[in-house]
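Undergrad: Below is the structure I would like to discuss, written out as structure tokens.
In our numbering, the protein residues as written are 7 to 302.
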């Protein structure tokens, strides 16, 4: 406990918990409880609002964007960045274009802004007379072509003022909760660790200079999926490493990608068998080699 502050209405303090990652890992392993630990690279959000017949994106009165900026996103597996209004952004994409979900246009905007994952998060606010309250339809469009719709989002216990402001704030938060859950869940499906699956890879790590090698090694040591790593051979520009990791090859490739490390498979013909096989018109066997490089 640190930085404690008290008053007649509240108590505030910093509460820090120390734990052994290895022991937690072993505990979950014994109980065979799958879990996700790898954080995703961040995604960028265009907060689009349709309310009272208007569709707004960059305007100052976009309270849907304000709600995103105020929402507590610290503990999400997928970090979220809200794209702020600017003249350049206004020129690049309009509210109507974002709502139409033109994938080529979204991808062009993402490339111009050096964004890898871009999502339009559209909140369509309508009034449901049967329930006597506002409801939201949440539409999610990604630059990868994925589109998801969450209909009839409501807040049952919302206390509102005369303008309905408090109700809308809670409604926005409920929609954001669904959106961030959707993002996290998609990511967890890719990186969930199941202890009944593990693999060994023989990897050739290529680098141009010793500084690159030390940087690669540092990043590998910070990847939770990697259980053990043994250096078999090393030269001035290559290290041959045996890597033991949890999960399948797709998961470790994705985890490496988050650290800007590229893992690709390369087919190499076994030269000592090629000549003999050529005589008999037999296709040579192919040995698969994994190549890892640092993406700069």
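We put the beta carbon where it would ideally sit given N, CA and C, even for glycine.
Only a predicted model underlies this, so the values are computations on that prediction, with no experimental measurement involved.
1) In terms of residue numbering, what span does the alpha helix (DSSP H) encompassing residue 97 cover?
2) Would you mind sorting residue 99 into buried or exposed? The rule is 16 or more other CB atoms within 10 Å of its CB.
3) Roughly how far, in whole angstroms, is the beta-carbon of residue 42 from the beta-carbon of residue 194, given that I think they are within contact range, below 8 Å?
4) Indicate the three-state DSSP secondary structure (helix, strand or coil) for residue 229 in the structure shown.
5) Give a single yes or no on whether residue 100 has its beta carbon closer than 7 Å to a heavy atom of the ligand HEM.
6) From what residue to what residue does the beta strand (DSSP E) around residue 86 run?
7) When DSSP labels each residue in this structure, what does residue 64 get in the three-state scheme?
8) Could you tell me the alpha carbon to alpha carbon distance between residue 298 and residue 173, rounded to whole angstroms?
9) Which same chain residues end up closer than 6 Å to residue 22 when comparing Cβ atoms and leaving out the 5 residues on each side of it in sequence?
10) Evaluate residue 69 with the Cβ neighbour count: other Cβ atoms within 10 Å of its Cβ, from every protein chain shown; 16 or more gives buried, anything less gives exposed.
11) Taking the runs of the beta strand (DSSP E) that are 3 residues or longer, which of them lie wholly in the region 196-261?
12) By how many angstroms is the C-alpha of residue 301 removed from the C-alpha of residue 272?
13) Using only alpha-carbon positions, find the residue among 270, 230, 237 and 153 that is nearest to residue 253.
14) Using a threshold of 8 Å, state whether the C-beta atoms of residue 304 and residue 251 are closer than that.
15) Give the single residue among 29, 267, 92 and 73 whose Cα lies nearest to the Cα of residue 228.
16) For residue 103 and residue 54, what's the separation of their Cα atoms in angstroms?
17) Count the other CB atoms within 10 Å of the CB of residue 279; is the residue buried (16 or more) or exposed (fewer)?
18) Which one of 63, 129, 115 and 200 has the shortest CA to CA distance from residue 175?
19) Would you mind sorting residue 209 into buried or exposed? The rule is 16 or more other CB atoms within 10 Å of its CB.
20) Measuring only the C-alpha atoms, how far is residue 123 from residue 88?
21) On the DSSP bridge list, what partners appear for residue 145?
TA: So, to answer that:
1) Counting from 1 along the chain shown, the entry for residue 97 is found at position 91. It spans 93-98 - the alpha helix (DSSP H) in which residue 97 sits, taken as one unbroken run.
2) In the chain shown, the residue the question calls residue 99 occupies position 93. Label assigned to residue 99: buried.
3) Locating residue 42 in the chain shown gives position 36, where the first residue counts as 1. Locating residue 194 in the chain shown gives position 188, where the first residue counts as 1. That pair is a contact at about 4 Å.
4) For the purposes of this step, residue 229 is taken as residue 223 along the chain shown, with counting starting at 1. Here residue 229 sits in coil by DSSP.
5) Inclusion of the ligand HEM in the displayed structure is not the case, the ligand content being empty and no account of it being possible.
6) To locate residue 86, count along the chain shown from 1; it is residue 80. Its beta strand (DSSP E) spans residues 86-88.
7) What you label residue 64 is simply residue 58 of the chain shown in a count that begins at 1. DSSP places residue 64 in coil when its eight states are reduced to three.
8) Residue 298 sits at position 292 when you count from the first residue of the chain shown. Residue 173 sits at position 167 when you count from the first residue of the chain shown. Rounded to the nearest angstrom, the two C-alpha atoms are 51 Å apart.
9) Here residue 22 is taken as the residue at index 16 of the chain shown, counted from 1. Result list for residue 22: empty, nothing under 6 Å.
10) Along the chain shown, read from residue 1 onward, the residue named residue 69 stands at position 63. Residue 69 comes out buried.
11) 204-212, 232-240 and 244-252
12) For this step, residue 272 is matched to residue 266 along the chain shown. For this step, residue 301 is matched to residue 295 along the chain shown. Residue 272 and residue 301: Cα-Cα distance of roughly 17 Å.
13) On the chain shown, residue 253 is found 247 positions in, with the first residue counted as 1. Nearest option by C-alpha distance: 230.
14) No answer is possible for residue 304: it lies beyond the span of the chain, which begins at 7 and ends at 302.
15) Here residue 228 is taken as the residue at index 222 of the chain shown, counted from 1. Taking only the C-alpha atoms, the option nearest residue 228 is 267.
16) Indexing the chain shown from 1 puts residue 103 at position 97. Indexing the chain shown from 1 puts residue 54 at position 48. Those two C-alpha atoms are separated by around 11 Å.
17) Position 273 of the chain shown holds residue 279. For residue 279, the predicted structure reports a pLDDT of 40, less than 50, and the residue's modelled location is therefore unreliable. A value from the coordinates is still provided. Exposed, since its Cβ has fewer than 16 Cβ neighbours within 10 Å.
18) Within the chain shown, residue 175 is the residue found at index 169, counting from 1. With distances taken between Cα atoms, residue 175 lies closest to 129.
19) Position 203 of the chain shown, counting from 1, holds the residue named residue 209. Result: buried.
20) Within the chain shown, the letter at position 117 stands for residue 123. Within the chain shown, the letter at position 82 stands for residue 88. Roughly 12 Å separates the two Cα atoms.
21) For the purposes of this step, residue 145 is taken as the residue at position 139 of the chain shown. Beta-bridge pairing links residue 145 to 128 and 155.
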